[in-house]
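Residue numbers (the working numbering): 3 to 572.
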């Protein structure tokens, strides 16, 4: 029992001693840490004190520098102020001296003015005395003497001025004529223009003479359809491997030429195909017209034209004036105007080129609008927003309006130069075309007329009327009225045949058939077509294809089939 007590006592004593030792160790460690912290704090305080002293020292040095700088600026400002004061003082002294000089001069001038006034009064009195003495001696008053002297001097001056004017006019005229000739010759030498070569016929080459029969068609139906659709004459004669297209309107003739070439390439020549190819040819010609207008703009350097002007400009490629191509003539005038304007240096070359190019633009529409082509062209340009100076130059190039600008005068001169050069124009063709245009305009002026074509060199006119407005009886009356009006308004040799065509066209579409019926009927490609029946066989049959077997007869058309297109009363 006592052992356990001793053991417990020993444990307790050991624990107490250990606790005391641990406390002493912790206390000593804390004391050492505290001492270390105090040393570190004192060190930081010393460093802070050192930094503070350094900052104070730097601040004092900076303040010293600023003070010295400000003192220097003040000293400099004072010196500059003193210099300015000295300059102002010197200027004031100079002004004072000048004022004193001015006062002295003013006093001298006042004395001189008084002296001059006195002398002027004395001179006036002397002049009056002399005038009175002269009037007494001459027996004339002052007014009478002035009138006589002025009359004599005026007469002499008038004679001298008139003489000088005559001399100067002769010199100016000689110099201006010489200068104008040099300018025009210089401009003309820079242009290589073709001579007139426009005709009223076009020749289409064909592969062989056998093709002529296919073009004519059975009983002439193909050639009639082509002439009816294009408004030109097809002349098929003994000329080997060629078909001649005759017509006064170059646009129609070009449409017919393009359509006929398409038909020759395609090989299917019948009325339905002819109408299709003529429509395609019209689109091709319209595209070419636009391209011609754009090419003319590019060649002459004219830009910014309205699309309608570009189209009308291209149309001029198919117009002629006395045998001269109007577009070629317009480009030539544009080149001349631009070069002459650049030579004289007194006009706008760009405006002159545009005026030269567009001066005959009215010829593209003058068969549709009444009036001079110059006035029509000017109104068209005004409507499309072109400058007033350009409008005036176009309207004045044939003196419908008096030329009032240098650009207008240059347009007149260059138009005359282009038209008057040898080989540029031919009189007879334009006279012939004007007669045909007048013939068509007479026919188109009647109510109910859809369109008209002058063919056979003006010996026949074909008028197509609107069937919904004109019946057969009215068609006969129109034919007689047109013939009477032609007799009264035109001068022509021989006689002119007036043909009025009233056409009723009914078109239906073929429906889808059973296979066995399709094999028998052989409908045209596309599933729908305008059904046509021509006497004697299919559309390919014709006198130009001898020995070829006829195609099988077609089945009868469905109920409601109208007459063949092209049929009607004429």
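Note that beta-carbon positions come from the ideal geometry of N, C-alpha and C, so glycine has one too.
Are residue i and residue j touching if we call contact CB-CB under 8 Å?
i	j	result
residue 505	residue 457	no
residue 589	residue 321	Given a span of 3 to 572 for the chain in the structure shown, any question on residue 589 remains unanswerable.
residue 229	residue 236	yes
residue 266	residue 204	no
residue 492	residue 463	no
residue 386	residue 311	yes
residue 376	residue 402	yes
residue 339	residue 413	yes
residue 302	residue 388	no
residue 343	residue 350	yes
residue 398	residue 404	yes
residue 154	residue 147	no
Considering only residues of the same chain and omitting the five flanking positions on each side of residue i, which have a CB-CB separation below 6 Å?
i	result
residue 379	363, 364, 396
residue 252	320
residue 261	279, 280, 283
residue 317	291, 366
residue 168	none
residue 249	234, 255
residue 520	Below a pLDDT of 50, predicted positions are generally treated as unreliable, and residue 520, at 45, falls in that range; no measurement from the model is reported.
residue 420	331, 334, 335
residue 374	402
Relative to the alpha-carbon of residue i, which residue among the options has its alpha-carbon at the smallest distance?
i	options	result
residue 400	411, 391, 390	411
residue 304	268, 483, 360	360
residue 208	56, 123, 337, 259	259
residue 254	272, 286, 273, 274	286
residue 500	25, 301, 480, 100	480
residue 241	212, 37, 263, 220	212
residue 468	507, 136, 488	507
residue 476	503, 135, 453, 498	503
residue 269	215, 302, 297	215
residue 459	31, 66, 494, 478	494
residue 436	394, 324, 404	324
residue 297	50, 329, 413, 113	329
Near residue i, what residues of its chain come up, given a Cβ to Cβ distance below 7 Å and the 5 sequence neighbours on each side ignored?
i	result
residue 313	291, 292, 295
residue 102	none
residue 444	484, 487, 488, 491
residue 472	450, 480, 504
residue 170	none
Quick one: measure Cβ to Cβ for residue i and residue j, integer angstroms, because I've assumed they're closer than 8 Å.
i	j	result
residue 439	residue 353	Between residue 353 and residue 439 the Cβ distance is about 32 Å, and since that is not below 8 Å, they are no contact.
residue 232	residue 257	6 Å
Beta-carbon within less than 8 Å of residue i's beta-carbon, same chain only, minus the 5 sequence neighbours each way: which residues are those?
i	result
residue 17	none
residue 21	none
residue 143	137
residue 497	461
residue 299	305, 307, 312, 315, 359
residue 131	none
Is there at least one non-hydrogen atom of the ligand PLP closer than 7 Å to the beta-carbon of residue i?
i	result
residue 375	With respect to the ligand PLP, the structure offers nothing, as it holds no ligand at all.
Three CB pairs or more closer than 8 Å across the stretch 436-451 and the stretch 478-487: yes
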